[in-house]
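Protein chains in written order, with numbering that gives the first Met the number 0: chain A, 0 to 137; chain B, 0 to 137. Each residue gets a CB set at the ideal place from its N, CA and C atoms; glycine is no exception.
Protein chains: 2
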Amino acid sequence: MSDLLERLRGRGWRMTAQRRVVAEVLDGDHVHLTADEVHSRAVAKLPEISRATVYNTLGELVSLGEVLEVATDKRAKRYDPNAHRPHHHLVCAQCGAIRDVHPTGNPLADLPDSERFGFSVSGVEVTYRGTCPNCAAA
Amino acid sequence: MSDLLERLRGRGWRMTAQRRVVAEVLDGDHVHLTADEVHSRAVAKLPEISRATVYNTLGELVSLGEVLEVATDKRAKRYDPNAHRPHHHLVCAQCGAIRDVHPTGNPLADLPDSERFGFSVSGVEVTYRGTCPNCAAA
DNA sequence: AGCTGGACTTGGACTCGGTCCATTGTAGGA
DNA sequence: TCCTACAATGGACCGAGTCCAAGTCCAGCT
């Protein structure tokens with residue numbers, strides 16, 4: 000996990016308590032937190048950390064490619080620490096829970112040239128929607 | 000196109016000038032408008048229409064399944080009048096333009112049971128990302 | 001055609017996620 | 001250790017969307 004911190008230092012990151020804390024939070028459970036959730040977990044470890052710093056740090060991690068932004072619903076962005084193994088998402092329509100999934104097949108290959116309209120296509124996101132066992136039980 | 004209005008009347012919709020205007024706007028160009036764009040186009044036809052009404056009407060159209068909500072970026076929801084033929088989206092990372100595309104293959108079939116984690120999966124969205132010819136030229 | 005109830009619209013206040021910015025603090029190289 | 005460029009702070013601000021109380025007006029009934 001300090002892999003992450005190592006890598007960041009290697010990229011010339013100035014290592015601050017705040018950044019360390021944010022990185023730790025993301026590295027903890029492999030869940031998909033909203034920025035606010037990251038913030039409140041960070042506050043638990045470092046009470047004075049500010050919302051703006053969390054947003055800044057998340058933004059930096061995203062542009063360094065260490066973390067993925069996931070916009071499955073339109074309420075809050077979520078942050079996916081699992082940026083290094085390609086995967087897609089399965090989202091509960093009720094509670095918003097997200098699981099990483101690894102479908103077979105390559106959707107990029109399923110988009111013929113005739114359907115690309117001159118775009119240079121660089122990536123694809125697949126979001127499965129459904130109801131999680133918890134919500135189905137309720 | 001008045002198909003749409005017919006269908007709505009058939010479902011017990013009270014037909015008001017506002018709803019007619021919103022439906023007309025969506026039925027016009029087959030582009031993917033934000034709620035605000037829908038509102039400003041609606042205002043052009045019916046100056047006193049309020050933002051809240053546009054939001055209400057869009058919400059109703061969505062829950063009737065006549066229009067699709069698309070959340071490709073996290074800024075504003077877009078509304079897709081092409082709800083009756085299944086399709087996916089190709090989004091320009093620069094300018095946000097959206098095209099409907101029809102890939103071959105069925106991504107739902109690509110998600111094995113072992114990757115469903117007890118969810119009942121009801122649908123899938125595929126978003127291709129890239130750069131449109133316009134933005135590539137610029 | 002005129003009435004009337006209840007559905008629809010209005011607009012302004014409010015929420016929520018996120019961004020900005022001027023100020024203050026500090027990591028880390030010389 | 002000192003210096004300074006980079007980072008953190010927090011409070012104001014923004015934009016998209018929601019809520020709500022009051023007013024409006026569609027449509028079914030006579």
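Opposite T33 of chain B in the DSSP bridges: which residues? Listed as beta-bridge partners of T33 of chain B by DSSP are B:R77.
Work out the CA separation of D72 of chain A and M0 of chain A for me, nearest whole Å. Caution is warranted here: a pLDDT of 48 is assigned to M0 of chain A, below 50, making its placement in the model unreliable, and no coordinate value can be reported.
Do you know whose CA, among B:F118, B:D2 and B:A96, lies nearest C131 of chain B's CA? B:A96
Residue-chain proximity (A51 of chain B, chain A), Cβ-Cβ < 8 Å: It does not: the Cβ of A51 of chain B has no partner Cβ on chain A nearer than 8 Å.
Rounded to whole angstroms, what is the Cα-Cα separation between H31 of chain B and D79 of chain B? Just so you know, the alpha carbons of H31 of chain B and D79 of chain B end up roughly 5 Å apart.
In chain B, what lies closer than 7 Å to Y127 of chain A by C-beta? L110, V120 and V123
If you reduce the DSSP assignment to three classes, tell me which class H87 of chain B lands in. Under the three-state reduction of DSSP, H87 of chain B is assigned to strand.
Buried versus exposed call for L7 of chain A [16 or more other C-beta atoms within 10 Å across all chains shown]: buried
Is there a Cβ of chain A sitting closer than 8 Å to that of L89 of chain B, yes or no? yes
DSSP on M0 of chain B, reduced to helix/strand/coil? Any reading at M0 of chain B is ruled out, since the residue's pLDDT is 48, under 50, leaving its predicted position unreliable.
Go ahead and label E47 of chain A buried or exposed: buried means 16 or more other beta carbons lie within 10 angstroms of its beta carbon, across all protein chains shown. exposed
What residues match up with R69 of chain A in a beta bridge as DSSP calls it? The residue you asked about is not Arg; residue 69 of chain A is Val in the sequence shown. Paired residue(s): A:R77.
Quick one: is H29 of chain A near chain B, going by C-beta distance under 8 Å? no
G58 of chain B - DSSP class collapsed to helix/strand/coil: Here G58 of chain B carries a helix assignment [DSSP, helix/strand/coil].
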